[in-house]
């Protein structure tokens, strides 16, 4: 057999790279240690800042009392930096034993063998959680993640502004959403927008578009796993967003953005918005009187059906953990009532456990109450292993439609082509 | 016989005198000590720069799945893929635009400030420190302050514009204004170092040149263009090349001021796109291919810089 010079060079290059990475990534094989003991590493994006750290340390103190032989080393991060931490730890051959990750992350990591299957069944879990809450942690009928908290997106509106305008209640379909939006939009003499009738820009654009798409009867994927987000229903949802900005001018592109200083709804610069449940915390900080005087209301996004976006945080165990028993013990602990309630409280989020619906925290937080009451209409993103590659392209596609650079159909068709390429690449 | 003696004497004359054994030993010891002292730096360079650079080049030609830990040969596929990607091509264009506006504009401003701060004025040290301060302040801190100033409703810029009856834009969330806003911050941040280099160069210009020009009756402007600017040429080349390389590697202020590449990807630059590809999409191989392209840009700039500064040095 004759080998060409090119093939030898290629073989040598692959061998060199493989050697480099074998050296760098050569984590040892997972242990079969069944004893819940030893030191384990936890990566968390949900206990941010000094307050978050205090909450987790208190919980870990209780964990230590329960499991004196397990020591937990914590690496605190934010969702913005979670990818970097996960990538570098896995590439470095030293993955975290317990990783808290978002909805949509389970299929990519489970597909590639990075997650350990948990000792839970879907049937058992649905006793404790709503089925919609359990699904994001399951991949190919195996449970890889247990939910700690939910990040939900739905409609928020200012009851006082609606009452002033004589509008009896929030919109129940897209046509009403546009009509009320137009009616409540205020511009000054120079045409400057002083109050957006509908604020669709304070929330992440993808997470605004998706509940609209679901409410319009659309789906992310066809039953055989092909992209469906250029369906007529999805195009209709993006058309609605485009109409709000370009036709109705109920909000100007650039009026606000996610994470901007000051939430327009709290400042009276927006009459309603597609927002996150923890926007209620922001309102409480910026304009506490709105909460006290019950001026904030909530509504499900509705057209063909009611819909709510359901993200969240799930606890997972690395497939390469040297202490799987200890790691699973920590996952159980972090997802139990006490620890998950503390985590939800510090972030203003929605508890995943059904039993927490009656907790003092949920009773005091109307957004959490609203979300928990509507979980049957909750939809989650993700679902395919290539999701993490696909999701980043949504923003540019949606923006191109909102800016009039492309029609909603063109923007979503191009997005689907990119998604197909990402899925094909594997 | 004579010839033999001659050849021996020629040979011994051409050979260097053999150092005494003690000196040889000392030389070897000194070499060993030198290698020992250099070792940490060399190990650091190999570990943190050498291996990552080799790995980056290697991975650019593979399909490396970071989560699964698999590597497959991909040839030029990653390069084809990135150049077929609109956002990557847009990021190259944005980087060029960013560089075009930050480097020459900041250099002109820096020269003017350096000339002003080279005069005998009161509180000179204070002014110099003030102009240099942005360079030594953490970029993230600077960007956060500027974010507040750019805030469309409560920010300083729009409040000032409101006073003169102008509706200020949404600086960081308007696709037409986001890049100019980032460029403004970058110019402001980059002036300090450039000014310092120019200031040092200005102080090396022989004063007698100005005295001769004074005798000839040259005006201040004439002296600036006929003496100061030509004498600043070596410093200008240096500042230009270093600034170009810095501009191509801009990341911090863009990332903090306009997360996610800015509105409609209006501030997506090459470094941000590399970061997004690697850590947003987990496509390490494509990110490595993008890094190789960025490296090629920087290499070309550096070679041009070397040529220009080298030529300038020869003339001197």
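Residue numbers (the working numbering), protein chains in the order written: chain A, 1 to 426; chain B, 1001 to 1316.
Glycine included, every Cβ here is placed at the ideal spot set by N, Cα and C.
What you are looking at is a predicted structure, and each value in this text was computed from that prediction instead of being measured.
**Item:** Residue range of the unbroken beta strand (DSSP E) whose run includes residue 1063 of chain B
**Value:** 1062-1065
**Request:** Taking residue 1293 of chain B as the reference, give the member of B:1033, B:1039, B:1048, B:1056 with the closest Cα.
**Result:** B:1056
**Check: residue 1029 of chain B C-beta below 8 Å from any heavy atom of the ligand MN** = The ligand MN is not part of this structure, which contains no ligands at all.
**Prompt:** Are the C-beta of residue 419 of chain A and some C-beta of chain B separated by less than 9 Å?
**Reply:** no
**Message:** Under 8 Å, with one C-beta from each stretch per pair, do the region 1053-1069 of chain B and the region 78-93 of chain A reach the 3-pair mark?
**Reply:** yes
**Asked** Using a beta-carbon distance below 9 Å, is residue 253 of chain A in contact with chain B?
**Response** yes
**Prompt:** Which of the three DSSP states, helix, strand or coil, is assigned to residue 156 of chain A?
**Reply:** strand
**Prompt:** In chain order, what residues of the same chain have a beta carbon less than 6 Å from the beta carbon of residue 390 of chain A, not counting five sequence neighbours either side?
**Reply:** 419, 422
**Request:** List the residues of chain A that residue 1273 of chain B touches, going by C-beta distances under 9 Å, in chain order.
**Result:** Near residue 1273 of chain B there are no residues of chain A at all, since even the closest Cβ is about 11 Å away, more than 9 Å.
**Message:** Across the region 370-385 of chain A and the region 129-138 of chain A, are there enough close Cβ pairs to call them in contact, namely three or more that are closer than 8 Å?
**Reply:** yes
**Prompt:** Listing by chain order, which chain B residues have their CB less than 8 Å from the CB of residue 403 of chain A?
**Reply:** 1175, 1264
**Request:** Give a yes or no on whether 9 Å exceeds the smallest Cβ distance from residue 411 of chain A to chain B.
**Result:** no
**Message:** For a test of the three-state rule: what should DSSP assign to residue 425 of chain A, helix, strand or coil?
**Reply:** helix
**Item:** Simplified DSSP state of residue 310 of chain A, which is helix, strand or coil
**Value:** strand
**Asked** Going by other Cβ atoms of all chains shown within 10 Å of its Cβ, with 16 needed for buried, is residue 255 of chain A buried or exposed?
**Response** buried
**Message:** Quick check: what's the CA-CA separation for residue 1099 of chain B versus residue 1186 of chain B?
**Reply:** 10 Å
**Request:** With 7 Å as the limit, tell me which residues of the region 369-396 of chain A have their beta carbon closer than that to any beta carbon of chain B; keep them in chain order.
**Result:** 388, 389, 392, 395, 396
**Request:** Assess, as a yes-or-no matter, whether the region 1038-1058 of chain B is touched by the region 69-80 of chain A under the definition of 3 or more beta carbon pairs within less than 8 Å.
**Result:** no
**Prompt:** So what does DSSP say about residue 323 of chain A, is it helix, strand or coil?
**Reply:** coil
**Message:** Please state the DSSP three-state secondary structure of residue 165 of chain A.
**Reply:** coil
**Message:** Give me the DSSP bridge partner(s) of residue 147 of chain A.
**Reply:** A:314
**Asked** Who are the Cβ neighbours of residue 159 of chain A in its own chain at under 8 Å, not counting the five residues just before and after it?
**Response** 294, 295, 296, 297
**Request:** Output yes or no for whether 9 Å exceeds the beta carbon distance between residue 300 of chain A and residue 155 of chain A.
**Result:** yes
**Message:** For the alpha helix (DSSP H) containing residue 1238 of chain B, name the first residue and the last one.
**Reply:** 1233-1248
**Message:** On the criterion of 16 or more Cβ atoms from any shown chain inside 10 Å, does residue 1225 of chain B qualify as buried, or is it exposed?
**Reply:** exposed
**Message:** Whether or not the region 390-409 of chain A and the region 139-152 of chain A are in contact is what I'm after, with contact meaning three or more pairs of Cβ atoms, one per stretch, closer than 8 Å; do they touch?
**Reply:** no
**Message:** If you measure between the beta carbons of residue 1181 of chain B and residue 1150 of chain B, is that distance less than 9 Å?
**Reply:** yes
**Asked** Does any C-beta atom of chain D lie closer than 9 Å to the C-beta of residue 109 of chain A?
**Response** Looking for chain D here will not work: the only protein chains present are A and B.
**Own chain residues within Cβ distance below 7 Å of residue 39 of chain A, not counting five before or after** = 71, 73
**Item:** is_contact[residue 1068 of chain B, chain A] using C-beta, thresh 9 Å
**Value:** yes
**Request:** Pull up the distance between the alpha-carbon of residue 1154 of chain B and that of residue 1083 of chain B, whole angstroms please.
**Result:** 41 Å
**Item:** Where the beta strand (DSSP E) through residue 272 of chain A begins and ends
**Value:** 272-276
**Message:** For the region 353-364 of chain A against the region 183-200 of chain A, do three or more pairs of beta-carbon atoms, one drawn from each stretch, fall closer than 8 Å, so that the two count as touching?
**Reply:** no
**Request:** Over the uninterrupted alpha helix (DSSP H) stretch that includes residue 128 of chain A, give me the two end residues.
**Result:** 122-128
**Request:** Report buried or exposed for residue 1093 of chain B, applying the criterion of at least 16 other Cβ atoms within 10 angstroms of its Cβ.
**Result:** exposed
**Asked** Along the chain, where does the alpha helix (DSSP H) that runs through residue 384 of chain A open and close?
**Response** Counting along the chain, residue 384 of chain A falls outside any alpha helix (DSSP H), and DSSP gives it neither H nor E.
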